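The numbering used here numbers the first residue of the sequence shown as 12 and each following residue consecutively.
Glycine included, C-beta positions come from ideal geometry on N, C-alpha and C.
Being a predicted model, the structure only gives us computed values, none of them experimental.
Inspection log for the structure reproduced underneath, given as structure tokens.
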Amino acid sequence: MRGPTAGTRKRLTVCGPATRWRQASQICRISESWDAGGDRVDRIISVSSMAFDGYPLEIALDELAALGVRYVEPASVDKVFQHLVEEDFCDARAAWLRQEMAARRLACVSLSAHMDLTQPDSVDRFSRRLAFARAIGARIVNTIAGPTSGLAGFQANIAAIGGRAADLGLTLALENHGDLVNRGRQIVQLIESIGIPAVRLNYDTGNAWYYAKGTLDPAEELAEVASVVAHVHLKDPRVDEGLLRWVALGEGNLNLKAVGGILRDRLPGVPVSVELSLRQRSRNFEPRWRAPEVPSLPEIRGIIRRSLCSLSDALA
């Protein structure tokens with residue numbers, strides 16, 4: 012399939028500041044679309060519930076629906092941030108979440124279900140996450156792979172986990188996290204060596220920048236790994252006096268325009284999620300921590316709005 016430059020795209024941005032948010036909110040409801048050589052291409056753009064770290068999942072769903080967002084990525088990062096804890100990955104809670112999303116006219120294309128895949132119980136634990144994802148209507152499940160020291164365990168588990176994803180019609184998207192899924196060509200070689208079409212990459216722009224200690228351009232690396240990308244997390248870092256935090260898209264160090272160009276020209280139709288880790292901090296690239304301060308809901312709304320406006324511009 013040819014990229015959008017080969018045809019006529021449906022333009023999502025407008026110039027007038029009074030209408031920028033209304034236009035940006037449309038990017039979440041109707042996604043991004045264009046006519047590429049006669050083929051309609053749609054890109055679903057989600058917002059991760061992680062933006063509402065410090066608030067219940069129900070509040071996150073309420074707020075995203077009120078903002079006009081159509082797609083939500085529920086977030087669960089084992090032992091770090093969990094809108095969904097281990098006990099939630101069951102049929103009853105999946106039915107509950109699907110009902111809660113439907114009541115707000117929200118949908119889900121991707122689930123963040125990060126956990127270590129190298130452990131003896133990883134196949135069983137992650138299989139529950141895959142079944143949960145299928146039940147809530149997601150088709151992509153994002154996760155870390157695990158530490159480099161766990162390579163043997165990962166190799167022992169990935170065939171069963173990837174096979175289960177394939178059986179359910181899902182894509183397992185391993186995230187670059189400075190570990191088994193690290194950088195550039197190594198990522199491509201790892202995904203290719205697994206040899207399961209259902210196992211692909213969730214490219215996280217923030218992780219790429221952080222684990223390279225700011226020496227890497229995520230736009231360039233995204234182009235390098237494009238052949239194995241199934242999903243993209245967009246995060247924008249900013250460092251003030253050695254303190255790293257994540258800010259609204261377009262307000263940090265990420266070359267969002269360049270990333271938008273790669274998405275448009277090399278990854279048409281690949282789903283994107285705006286992942287705003289607003290409480291996460293790091294000083295001089297030391298291990299990250301969560302700040303005790305919880306942003307107010309009006310502050311979070313503003314950051315989401317500005318992020319979607321900037322993303323709309325970058326994809327134009």
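Asked: Beta bridge counterpart(s) of SER121 as assigned by DSSP; Found: ILE151
Asked: Cβ neighbour criterion (16 or more within 10 Å) applied to TRP45; Found: A caution first: TRP45 carries a pLDDT of 42, below 50, which makes its placement in the model too unreliable to give a value.
Asked: ASN218 and ASN153 closer than 9 Å at C-beta; Found: no
Asked: For ASN213: DSSP bridge partner residues; Found: GLU186, HIS242
Asked: Residue environment, ASP127, which counts as buried when at least 16 other CB atoms sit within 10 Å; Found: buried
Asked: Environment of PRO28 [buried if 16+ CB atoms lie within 10 Å]; Found: With a pLDDT of 46 at PRO28, under the threshold of 50, the modelled position of that residue is not reliable, and the figure given next carries that caveat. Counting Cβ neighbours within 10 Å, PRO28 comes out exposed, since fewer than 16 surround it.
Asked: At least three beta-carbon pairs within less than 8 Å, the stretch 239 to 253 to the stretch 279 to 288; Found: yes
Asked: Own chain residues within Cβ distance below 6 Å of SER133, not counting five before or after; Found: ASN168
Asked: DSSP state of PHE137 mapped onto helix, strand, coil; Found: helix
Asked: Assumed close pair ARG277, ALA234 - CB separation to whole angstroms, cut-off 8 Å; Found: 6 Å
Asked: Segment contact, 8 Å Cβ cut-off, at least three pairs: the stretch 306 to 320 with the stretch 74 to 94; Found: yes
Asked: DSSP state of SER307 mapped onto helix, strand, coil; Found: coil
Asked: Assigned exposure category for GLN200 - 16 Cβ within 10 Å defines buried; Found: exposed
Asked: Option in GLU97, ASP102, ALA114, VAL210 with minimal Cα separation from GLU186; Found: VAL210
Asked: Same chain, Cβ closer than 7 Å to ASP102, five either side skipped, listed in chain order; Found: ALA146
Asked: ARG175 vs LEU122 beta-carbon contact at 9 Å; Found: no
Asked: C-alpha gap between HIS125 and ALA269, whole angstroms; Found: 27 Å
Asked: Extent of the continuous alpha helix (DSSP H) run through ARG116; Found: Careful: ARG116 lies outside any alpha helix (DSSP H) and carries neither H nor E.
Asked: Residue environment, GLY48, which counts as buried when at least 16 other CB atoms sit within 10 Å; Found: Note that GLY48 scores a pLDDT of 47, beneath 50, so its modelled location is shaky and nothing firm can be said.
Asked: For TYR66 and VAL80, the rounded distance between their alpha carbons; Found: 18 Å
Asked: Bridge partners - GLN130, DSSP secondary structure assignment; Found: The partner list for GLN130 (beta bridge, DSSP) is empty, contrary to what the question assumes.
Asked: Where GLU203 falls, given that 16 or more other Cβ within 10 Å makes a residue buried; Found: exposed
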